[in-house]
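Accompanying notes for the structure given below.
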Amino acid sequence: MSITKESELVGMQKISEVVATTLRLMREYAKVGMSTKELDAYGGKLLKKHGAKSAPFETYGFPGYTCISVNTEAAHGIPSTKKILKEGDLINIDVSAELNGFWSDNGGSFILDKDLHNHQPLVDASKYILQKAINRIKDGVKIADVGHLIETEAKKKGFKVIENLAGHGVGRSLHEAPDNILNYRVRSNRERFKKNTTVAIETFISTRSNTAVELNDGWTLVGNRGGYVTQHEHTILVTDAAPVILTQANGIWN
């Protein structure tokens, strides 16, 4: 959306604070032996406490309040009583919600307790690349150039990007234009970031795969060539200088 008045900025700040805090508290709440269903229920309670509604549940009928993907799941993992968290698991939590007509989105990957499987370099790469990409964004910057930066930085670190998942506009709905903030350069895309718009920027950094494919459950995405994927996401306000990170409270860069 394009912010045209103070009340819209306040609305985006409020819902962004809610989803960011929910993500941070869910990450802190995750424990070995807990099911992803229990973790999701906690997230749902946090959203309800603030009067916010789960975006995937409300918009798509997703079977959970948040998306929780574990290990080889790349995105849109369904919370389940059968998925029990273990030490060393690579976990991604994606929280998006609506409050008073405004929508915001954020996510992050982390390792539960000790890094038993050497996932930390992948997690760190995703965080670093998201930060570098966001720092590049301002009014007039080409969307394709940010995609090129993400892919180039991933390759430098020995990783790939998932090409069919993207960041997107957000504000008056969960997904708005531009819906093509990809993790690689599309030379034909001449669209540019615009001042006063709110967008969700997200990285999808992978060890082996370059495409996400859907499982038979109709939701869960995994890499086409296996391996692991990390995602980190912030909702930001584009300015003519450094962007305002509306979901800063999630602490994914801490």
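The working numbering puts the first residue of the sequence shown at 7, with every later residue one more than the last.
Note that beta-carbon positions come from the ideal geometry of N, C-alpha and C, so glycine has one too.
{"Check": "Taking all protein chains shown into account, do 16 or more other C-beta atoms lie within 10 angstroms of the C-beta of residue 70, making it buried, or fewer, making it exposed?", "Outcome": "buried"}
{"Check": "Measure the CB-CB distance between residue 115 and residue 237 and report whether it falls below 9 angstroms.", "Outcome": "yes"}
{"Check": "On the DSSP bridge list, what partners appear for residue 277?", "Outcome": "Outside the displayed range of the chain (7 to 260) lies residue 277, so it cannot be described from this structure."}
{"Check": "In its own chain, which residues sit with a C-beta less than 8 angstroms from the C-beta of residue 131, not counting the 5 before and 5 after it?", "Outcome": "159, 160, 163, 165, 211 and 236"}
{"Check": "Can you look up residue 241 in the DSSP assignment and give me helix, strand or coil?", "Outcome": "strand"}
{"Check": "Within 8 angstroms, do at least three Cβ pairs link the stretch 66–86 to the stretch 222–230?", "Outcome": "yes"}
{"Check": "In the DSSP output, which residue or residues are listed as bridge partners for residue 198?", "Outcome": "148"}
{"Check": "Thinking residue 103 and residue 58 are a contact (beta carbons under 8 angstroms), I'd like their distance in whole angstroms, please.", "Outcome": "4 angstroms"}
{"Check": "If you reduce the DSSP assignment to three classes, tell me which class residue 260 lands in.", "Outcome": "coil"}
{"Check": "Using 9 angstroms as the threshold, is the C-beta distance between residue 56 and residue 140 below it?", "Outcome": "no"}
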